[in-house]
Amino acid sequence: IGLIWNPFLIFIAFFVYIGASQEAALAQMKDVSRRFPVSSAMVREFRTLPENATLQEAVDALLATSQHDFPVVDETGNVAGVLTRHDLIAALRKNDPGLHVGDVMRRNIPTVTTGTRFEEAFRIMQECNCPAVPVLDSMKRLVGLLTPENVTELMMIQSAMPRRRVS
22 IGLIWNPFLI FIAFFVYIGA SQEAALAQMK DVSRRFPVSS AMVREFRTLP
72 ENATLQEAVD ALLATSQHDF PVVDETGNVA GVLTRHDLIA ALRKNDPGLH
122 VGDVMRRNIP TVTTGTRFEE AFRIMQECNC PAVPVLDSMK RLVGLLTPEN
172 VTELMMIQSA MPRRRVS
């Protein structure tokens, strides 16, 4: 009877439900972040761009792959930065497509190692507001890319397989 007389209660119930769902998702994310290293969900197949690649070459890579963010490497293969899709589009609006990736990439991007726990990686991603974080092995070689999409996929797999855990 209360719902018939006061439709506002329906809205309150809806927002309580949404809040509880978000809280449950956050709790699941924290659980996963404590138990798994970054290597469990990092992207292992990805394309890099050299610093001297042109914006046009970056556009070609963007269109040829499903990748949104590209680690940029220097002439020795070390990570120099990350070029995001957003930054690429913004640069194309303002600049010549012949401009180099190294001129518009995000520099000073933090990296994580394959053994870094998600909890630490999440903190790093939030602090730098990075859409992707390069993952290095013990020899400091680029071996992966940590993205929010892959973290979400790991969480979905974990919730679908409660008895068997992904390692």
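If you want this note's numbering, it's the 1-based position in the sequence shown plus 21.
Positions of the beta carbon are idealized from the N, C-alpha and C atoms, including for glycine.
{"Query": "Would you mind stating whether Ala142 and Leu175 have Cβ atoms separated by less than 8 Å?", "Result": "no"}
{"Query": "State the DSSP-derived secondary structure class of Phe67, mapped to helix, strand or coil.", "Result": "coil"}
{"Query": "If you compare alpha carbons, which of Met182, Gln88, Glu148 is closest to Leu70?", "Result": "Gln88"}
{"Query": "Using a 10 Å radius around the Cβ and a threshold of 16 neighbouring Cβ atoms, would you call Thr173 buried or exposed?", "Result": "exposed"}
{"Query": "Taking DSSP as the reference, what is the three-state secondary structure of Leu167?", "Result": "strand"}
{"Query": "Only counting the same chain, and skipping five residues up and downstream in sequence, which positions put a Cβ closer than 7 Å to that of Val64?", "Result": "Gly165, Leu166, Thr168, Asn171"}
{"Query": "Check this for me: beta carbons of Val59 and Phe139, under 8 Å apart or not?", "Result": "yes"}
{"Query": "Taking only beta-carbon positions, decide if Ala85 is within less than 8 Å of chain B.", "Result": "This model lacks chain B altogether; it includes just one protein chain."}
{"Query": "For Cys151, which option in Leu84, Asp95, Asp108 has the closest C-alpha, if you only look at C-alpha atoms?", "Result": "Asp108"}
{"Query": "Look at the Cβ atom of Val156, then the Cβ atom of Thr134, and state whether they are nearer than 8 Å.", "Result": "yes"}
{"Query": "Name the DSSP beta bridge partners of Val154, please?", "Result": "Leu167"}
{"Query": "When the Cα atoms are used, what is the spatial distance from Met182 to Leu84?", "Result": "34 Å"}
{"Query": "Under the rule that 16 or more other beta-carbon atoms within 10 Å means buried, what is Ile22, buried or exposed?", "Result": "Confidence at Ile22 is low in this model, with a pLDDT of 49, below 50, so the placement of that residue is unreliable and no value is reported for it."}
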